[in-house]
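Trainee:
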Amino acid sequence: MKQTSNHNYIVPAIMAVGILLAGFFPGYYYYHSKFNNNTVTVKGLAEREVVSDLAIWKIKFVATGNDLVATKTNIEKQTKAIVEFLKSNGFDDSEIESGQLETHDIMADAYRSEPVNTRFILTKTMFLRSNKVMDVASTFAKTGELISQGVVFDSEYMFPVSYIFTGLNEIKPQMLEQATKNAHEAAIEFAKSSKSHVGKIHKANQGVFSILPRDETNMSDASQQINKKVRVVSTIEYYLN
């Protein structure tokens, strides 16, 4: 009889403990879930105007003719004229690179459908790579002088000069600091409206740095403008207390 009596006490006790634990654990995780969600996610923008420090001018020109030797002589004459033109405007051999000469024999094209008036097309590409960005821009504006000397530029390249900013790594730390500061100020404004206080950072994403044209218009391209704008948008999640 005693054994039966003890068993009657043990079973309700186990059930009571089970009910107690069943109520405790959901409440515990609910509490932490609410605490972990007590955050605010904000974005901080930082922008800085910069000036290109490298210019690359891709100079592509052509010569045509029915005599290969004469056409080659023509392309060499154009090459000499371009080199002299660049040197006369303050550039030296270390900034001038002569590219590959390409030869196209139209008669060798098995898919030609029209009569051949000019058999050979010779194309050559040269590069001017210089840190004297403003000098490159002013020299490019004088390419009419080369046309007067018989240089025939390839019309395929509408924007042959690219202006590049290479100092991004130097300004990254300051811009990230500014973006974080702006994000923190946005979090403070949000906290005021919710009667909270901004705590520590929970998560942060520095964002992607973008180099944009300073003057953004339709079809504007950063590589075509000497003056540019660097932008980064950082996403930061703060605890709210």
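Going by our numbering, the residue at position 178 of the sequence shown is 1218; the numbering climbs one at a time, nothing skipped. Every residue, glycine too, gets a C-beta built ideally from N, C-alpha and C.
Can you give the Cα-Cα distance for leucine 1060 and asparagine 1078, rounded to whole angstroms?
Mentor: Here the model assigns leucine 1060 a pLDDT of 43, short of 50, so the residue's position is not dependable and the matter cannot be decided.
Trainee: Taking its Cβ as the centre, do 16 or more other Cβ atoms sit within 10 Å of glutamate 1135, making it buried, or is it exposed?
Mentor: Per the 10 Å Cβ criterion, buried.
Trainee: What's the C-alpha gap between proline 1200 and glutamate 1154?
Mentor: Near 31 Å, if we compare the C-alpha coordinates of glutamate 1154 and proline 1200.
Trainee: Is DSSP giving lysine 1172 helix, strand or coil here?
Mentor: Looking at lysine 1172 - three-state DSSP - the assignment turns out to be coil, as it is neither helix nor strand.
Trainee: For tryptophan 1097, which option in Lys1243, Leu1280, Lys1172 and Val1238 has the closest C-alpha, if you only look at C-alpha atoms?
Mentor: Tryptophan 1097 has its Cα closest to that of Lys1172, out of Lys1243, Leu1280, Lys1172 and Val1238.
Trainee: When you compare the segment 1140-1150 with the segment 1080-1096, are there three or more beta-carbon pairs, one atom per stretch, that lie closer than 8 Å?
Mentor: The segment 1140-1150 vs the segment 1080-1096: no contact.
Trainee: Counting C-beta neighbours from all protein chains within 10 Å, is the total for glycine 1207 16 or more, i.e. buried, or is it exposed?
Mentor: With fewer than 16 other Cβ atoms within 10 Å, it is exposed.
Trainee: For serine 1178 versus asparagine 1129, is the C-beta distance shorter than 9 Å?
Mentor: Yes, the pair counts as a contact, with Cβ atoms nearer than the cut-off.
Trainee: Would a C-beta distance cut-off of 9 Å place leucine 1085 and valine 1238 closer than the cut-off?
Mentor: In this structure, valine 1238 does not lie closer than 9 Å to leucine 1085 by Cβ.
Trainee: Measure the beta-carbon distance from threonine 1165 to isoleucine 1115 and round it to whole angstroms, keeping in mind my assumption that it falls under 8 Å.
Mentor: Between isoleucine 1115 and threonine 1165 the Cβ distance is about 11 Å, and since that is not below 8 Å, they are no contact.
Trainee: Excluding five sequence neighbours on each side, which residues of the same chain lie with their C-beta closer than 7 Å to the C-beta of lysine 1159?
Mentor: Correcting the residue identity first, residue 1159 is arginine in this sequence and not lysine. Within the same chain, arginine 1159 has close Cβ partners Asn1106, Asp1145, Ile1146 and Met1147.
Trainee: Take phenylalanine 1131 and list the residues in its own chain whose beta-carbon comes closer than 7 Å to its own, dropping the five residues that flank it on each side.
Mentor: Hits under 7 Å: Leu1168 and Ser1170.
Trainee: Using beta-carbon positions only, say whether alanine 1231 and lysine 1083 come within less than 9 Å of one another.
Mentor: Taking 9 Å as the Cβ cut-off, alanine 1231 and lysine 1083 do not qualify as a contacting pair.
Trainee: Is it true that the CB of arginine 1088 sits closer than 9 Å to the CB of methionine 1198?
Mentor: For methionine 1198 and arginine 1088, no; Cβs fall outside 9 Å.
Trainee: CB phenylalanine 1205 to CB phenylalanine 1101, shorter than 9 Å?
Mentor: Not closer than 9 Å, so no.
Trainee: Taking all protein chains shown into account, decide if threonine 1111 is buried (16 or more other Cβ within 10 angstroms of its Cβ) or exposed.
Mentor: Per the 10 Å Cβ criterion, buried.
Trainee: Rounded to the nearest angstrom, what separates lysine 1282 and aspartate 1175 at their Cα positions?
Mentor: In the structure as shown, the chain begins at 1041 and stops at 1281. Residue 1282 is therefore absent and cannot be evaluated.
Trainee: Is the beta carbon of leucine 1162 closer than 9 Å to that of alanine 1121?
Mentor: Contact: no.
Trainee: Start and end of the beta strand (DSSP E) containing asparagine 1267?
Mentor: Taken as a continuous stretch (DSSP letters only), the beta strand (DSSP E) holding asparagine 1267 covers 1267-1280.
Trainee: By the three-class DSSP mapping on this structure, what secondary structure does phenylalanine 1193 have?
Mentor: It is a strand residue.
Trainee: To which residues of the same chain is arginine 1152 closer than 7 Å at the C-beta, ignoring the five residues directly before and after it?
Mentor: If we look at arginine 1152 and ignore the five residues flanking it on each side, its Cβ neighbours are Ile1146.
Trainee: The beta strand (DSSP E) that contains alanine 1244, what's its start and end?
Mentor: Its beta strand (DSSP E) spans residues 1238-1245.
Trainee: Rounded C-beta distance between alanine 1244 and isoleucine 1211? I'm assuming under 8 Å.
Mentor: Incorrect: roughly 19 Å between the Cβ atoms, too far for contact.
Trainee: Pull up the DSSP beta-bridge partners for valine 1201, would you.
Mentor: Valine 1201 is bridged to Trp1097.
Trainee: Using DSSP with H/G/I as helix, E/B as strand and the rest coil, what is threonine 1206?
Mentor: In the structure shown, threonine 1206 sits in coil (DSSP, three-state: anything other than H, G, I, E or B).
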